[in-house]
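Enquirer: Here it is, the structure in full.
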Amino acid sequence: MEAIRVTKFIDPLPIYTMWLRQIKRFLRVKSRVASSILMPFLFLAFLGLPLSFIPGLKIGGMNYLDFLAPGIVGMTLLFSSTMSGVSVIWDKEFGFLKEVLVAPVNRFSIILGRSLGGMTIALVQALIIVAIAMAMGVKISGISGFFLSIVFMILTCATFTGLGLIIATKLSNTEGFMSIMNLVIMPIFFLSGAFFPLQAMPAGIRYIMYINPLMYGVDGLRGALVGGAAFPLWLDFAVLLVLSITLAGLGAYFFSKMEAD
Amino acid sequence: MSNVIEIENLTKEFDGLVAVDHVTLNVKAGEVFGFLGPNGAGKTTITKMLCTILNPTSGSVKVCGYDVTRGRDSIRECIGIVFQDSCIDKFLTGRENLDFHGRIYHMGRKTRGERIAEVLNLMELKGKEDIKVSDLSGGMQRRFEVARGFMNHPEVLFLDEPTLGLDIQTRRNLWNHIRTLNEQEGITIILTTHYIEEADYLCHRVAIIDQGKIAVVDTPGKLKEVVGINLISLELASEGSDDLVGLLRGLDWIKEIEWRNSSLELNVEGGEERVLQLVELANEHGFVITAIDLRQPSLEDAFLHYTGREIREDEGSVKGLWKTRMAGRRK
Ligand SMILES: Nc1ncnc2c1ncn2[C@@H]1O[C@H](COP(=O)(O)OP(=O)(O)OP(=O)(O)O)[C@@H](O)[C@H]1O
Ligand SMILES: [Mg+2]
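Protein sequences appear in the order of chains A and B. Per my numbering, residue 1 is the first one in the first sequence, and the count goes up by one each step. Per my numbering, residue 1001 is the first one in the second sequence, and the count goes up by one each step.
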């Protein structure tokens, strides 16, 4: 028996292990890798591309495919991150987490590693979507814009991983899951400004969109990648930064308090 | 011997349902200790509380000398667990599963490699470690879970229904591995089961648990002794059987008489000679015995004795079970 360790708040080995495991698991299931890209691809190929062929159709001052692409990148991040957060429920009930939770490891390190793994996967998916969009003819504004968009991607990931975790820790069983998908994720997606510009909406819809975290993500991504953002980018950045820290922090806090009673 | 686990008045309620009801017992170092009880008895709930993943409603529990509510991390350092529901990652190989486990327990690369070789050896899993877990048989998957459970050198290993759903041969095989663990690695083992034979075969001491309450704690041998010295069951051609019962009540070597289904269960002192005596007695008085069996009491009988019901009421009577067991032995 080794000497008793004080369990550290930030414990590198378990963080790395949880991260590595998320990635390995994801890559091991080939169908999952493909299907995670499929939906965003379909939106780009069968909504963005066809509408961009209509002569004279300009949305938000640009070709529709250019307009839609950042929105679809945002969608990819939303789905992937929220799922990664919410799937803690299964993992805790049937998966690896169950075993990890009886190990002498700080809960925060566990959830941090796991979330970073999920975020890495979401980020890679989003980058693939950017590449696909570029292959379809979307011209991104430049290398600095590209790197700026990665910052927005990371913040968006953190925000929705946190939201997913909060939902997971407040949901006591796995049954309510599908309704959560429909009740939370879909409205967030449709009211994110992925499909239509916020500026053109009547006040009522605009106000609803103001409270949608993804709206700031999509707007920031749009501004960074193709231009034409509704808000100044620093504002998108500031709002997302606050949201991501708050939601991810709350999610991790609830998780570490989630001692089964 | 010192106590590895000390439980006092441990109680767990789930919205009014008392799942574990004032349980008090100790487990000694080096023991294989079993909780034997039917579905819903509270075995998993007790295990979870001992493993620090469920908070007790009241009562106190000490594991390896630490209190479950205050010394959580210290307890986690010295236990291993195999859950009732499998939680091995089927998409990964056995080695990857073990490797991840080792990392979580802060084992370095070298230690991990050596320990993995050791546990594979002990569980006879060599050569299977690089196969994806989903491609292994159920018994092997379970063995990998047990291997993972004791990889971190725990003082106490919890096995929650380790052989649930496995066929009888695989189960025997796993029992032997569990025994090896206890003997060679000196690990105290807490086992829950609803298989009588499992408790009988493996456990040094057994706690019979029913509806959250511990009915009795003792060695399998002692538990059986208490039931009675021998059991004889009789089946009679129907007419006049009540008269025979009257007759039997007059005999001082018959301690208990009970109707179970259509057969008469007698609790007797003495052995084979009693069977003969009963047959003679019946002949004398003109009763027709259609079947007669003599047997040693089993842990199943002990269970019945202490809880007033059979452990697996849905899986046939004690007698049916016993008959199949005898049939197996005759082969
Ligand atoms: N989280 C929970 N919430 C509510 N009731 C619960 C919970 N967990 C267990 N119970 C109840 O507590 C009782 C004991 O359950 P437990 O799982 O400990 O039984 P068990 O002996 O392990 O049975 P099994 O052989 O089926 O595994 C059952 O009636 C069960 O329904
Ligand atoms: Mg159970």
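Ideal Cβ positions, reconstructed from N, Cα and C, are used throughout, including at glycine. Given the structure is predicted, the values throughout are model-derived calculations rather than measurements.
Find the nearest neighbour of A200/A within the set G60/A, G162/A, Q125/A and S84/A, judged by alpha-carbon distance.
Expert: Comparing Cα positions, the closest option is G60/A.
Enquirer: For S81/A, which residues of its own chain have a beta-carbon under 6 Å away from its beta-carbon, when the five flanking residues on both sides are left out?
Expert: Result list for S81/A: A122, C157, F160 and T161, in chain order.
Enquirer: Is F323/A buried or exposed, if buried means 16 or more other CB atoms sit within 10 Å of its CB?
Expert: Only positions 1 to 261 of chain A appear in this structure, which leaves residue 323/A out of reach.
Enquirer: Can you find the residues in the same chain that come closer than 8 Å, C-beta to C-beta, to M134/A, ignoring five residues on each side of it along the sequence?
Expert: Excluding positions up to five away in sequence, the list reads I140.
Enquirer: Decide if the region 9-23 of chain A is in contact with the region 1096-1108 of chain B; the criterion is three or more beta carbon pairs, one per stretch, under 8 Å apart.
Expert: The region 9-23 of chain A, when compared against the region 1096-1108 of chain B, does touch it at the 8 Å Cβ threshold.
Enquirer: For R32/A, which residues in the same chain have their Cβ closer than 7 Å to its Cβ, ignoring the five residues on either side in sequence?
Expert: Cβ neighbours of R32/A beyond the five flanking positions: F26.
Enquirer: Would R279/A count as contacting chain B if we go by Cβ distances under 8 Å?
Expert: Because residue 279/A is not part of the residues shown, which for chain A are 1 to 261, the question remains open.
Enquirer: Between V1216/B and the rest of its own chain, which residues show a CB-CB distance below 6 Å, the 5 nearest in sequence each way excluded?
Expert: If we look at V1216/B and ignore the five residues flanking it on each side, its Cβ neighbours are I1208 and Y1306.
Enquirer: Output, in sequence order along the chain, the residues in the region 1099-1117 of chain B whose CB is closer than 8 Å to any CB in chain A.
Expert: From the region 1099-1117 of chain B, only F1100, H1101, R1103, I1104, Y1105 and H1106 have a Cβ closer than 8 Å to chain A.
Enquirer: Compare the Cα-Cα distances from N1173/B to each of G1212/B, E1124/B, A1282/B and G1186/B and report the closest residue.
Expert: It is E1124/B.
Enquirer: Can you pull out the residues from the region 97-119 of chain A whose beta carbon lies closer than 7 Å to at least one beta carbon of chain B?
Expert: Cβ contacts with chain B come from K98, E99, V100, L101, V102, A103, P104 and V105.
Enquirer: Based on the DSSP secondary-structure assignment, which residues constitute the bridge partners of F1035/B?
Expert: Its beta-bridge partners are T1192/B and A1207/B.
Enquirer: Near L112/A, which residues of its chain fall below 6 Å by C-beta distance, leaving aside the five closest residues on each side in sequence?
Expert: So the list reads I15, once near-sequence residues are dropped.
Enquirer: Against T17/A, what residues of chain B qualify as contacts under a CB-to-CB distance less than 7 Å, listed in chain order?
Expert: By Cβ distance, chain B contributes F1100, R1103 and I1104.
Enquirer: With a threshold of 8 Å between beta carbons, is L1092/B in contact with chain A?
Expert: Chain A, which has a Cβ nearer than 8 Å to the Cβ of L1092/B, makes this yes.
Enquirer: Got a sec? Which residues, its chain only, sit under 7 Å from A1237/B by beta carbon, not counting five neighbours each side?
Expert: The answer, listed in chain order, is V1288 and T1290.
Enquirer: Counting pairs of Cβ atoms below 8 Å between the region 1106-1122 of chain B and the region 1034-1049 of chain B, do you hit three or more?
Expert: Because the criterion of three Cβ pairs below 8 Å is not met, the region 1106-1122 of chain B and the region 1034-1049 of chain B do not touch.
Enquirer: Quick one, what's near ligand 2 if you take every residue whose CB is closer than 7 Å to any heavy atom, in chain order?
Expert: Listed by chain position, these are K1043/B, T1044/B, Q1084/B, D1160/B, E1161/B and T1192/B.
Enquirer: So which residues of chain B does R206/A contact, with C-beta pairs closer than 7 Å?
Expert: Within chain B, no residue comes near R206/A; the closest Cβ sits about 45 Å away, beyond 7 Å.
Enquirer: Looking only at its own chain, which residues have a Cβ that is under 8 Å from the Cβ of N1152/B, when we skip the five neighbours before and after it?
Expert: The answer, listed in chain order, is G1080, H1101, G1102, Y1105 and M1107.
Enquirer: Does any heavy atom of ligand 1 sit closer than 7 Å to the C-beta of G1034/B?
Expert: Not so, every heavy atom of ligand 1 lies at least 7 Å from the Cβ.
Enquirer: Quick check: the region 229-236 of chain A against the region 1002-1009 of chain B, are there 3 or more CB pairs under 8 Å?
Expert: The answer is no - the region 1002-1009 of chain B does not touch the region 229-236 of chain A, with fewer than three Cβ pairs under 8 Å.
Enquirer: How about F9/A: is its C-beta nearer than 8 Å to some C-beta of chain B?
Expert: It does not: the Cβ of F9/A has no partner Cβ on chain B nearer than 8 Å.
Enquirer: So does the region 1143-1159 of chain B actually touch the region 1180-1192 of chain B, counting three or more Cβ pairs closer than 8 Å?
Expert: They touch, by the three-pair rule.
Enquirer: Does at least one heavy atom of ligand 1 sit under 7 Å from the Cβ of L1017/B?
Expert: Result yes, Cβ under 7 Å from ligand 1.
Enquirer: Examine the Cβ distances between the region 1249-1257 of chain B and the region 1265-1277 of chain B and report whether three or more of them are shorter than 8 Å.
Expert: With the cut-off at 8 Å, the region 1249-1257 of chain B and the region 1265-1277 of chain B touch.
Enquirer: Take the Cβ of T1324/B as the centre, count every other Cβ of all protein chains shown within 10 Å, and call the residue buried at 16 or more, exposed below.
Expert: At T1324/B the pLDDT is 38, less than 50, meaning the model places this residue with poor confidence and gives no usable figure here.
Enquirer: Beta-carbon within less than 8 Å of M215/A's beta-carbon, same chain only, minus the 5 sequence neighbours each way: which residues are those?
Expert: Once the five neighbours on either side are set aside, the close Cβ partners of M215/A are L191, S192, G193, L198 and M209.
Enquirer: Find the residues of chain A that neighbour T1052/B, judging by a C-beta separation of less than 8 Å, and give them in chain order.
Expert: Result: V102.
Enquirer: When the Cα of V1020/B is compared with those of E1118/B, I1214/B and G1030/B, which residue comes out closest?
Expert: Taking only the C-alpha atoms, the option nearest V1020/B is I1214/B.
Enquirer: Under 6 Å Cβ to Cβ from G227/A, same chain only, skipping five residues before and after it: list those, please.
Expert: Once the five neighbours on either side are set aside, the close Cβ partners of G227/A are S141.
Enquirer: With C-beta atoms as the reference, is E1145/B less than 8 Å away from W1175/B?
Expert: Contact flag unset, no.
Enquirer: Comparing the C-beta of P14/A with each C-beta of chain B, is any distance below 8 Å?
Expert: For P14/A, the answer is yes, since a Cβ of chain B falls inside 8 Å of its Cβ.
Enquirer: Which of the three DSSP states, helix, strand or coil, is assigned to N1283/B?
Expert: Helix at N1283/B.
Enquirer: I'd like the span of the beta strand (DSSP E) that includes W1253/B, first residue to last.
Expert: Counting along the chain, W1253/B falls outside any beta strand (DSSP E), and DSSP gives it neither H nor E.
Enquirer: Examine chain B for any beta-carbon lying closer than 8 Å to the beta-carbon of F94/A, and answer yes or no.
Expert: Yes, contact with chain B.
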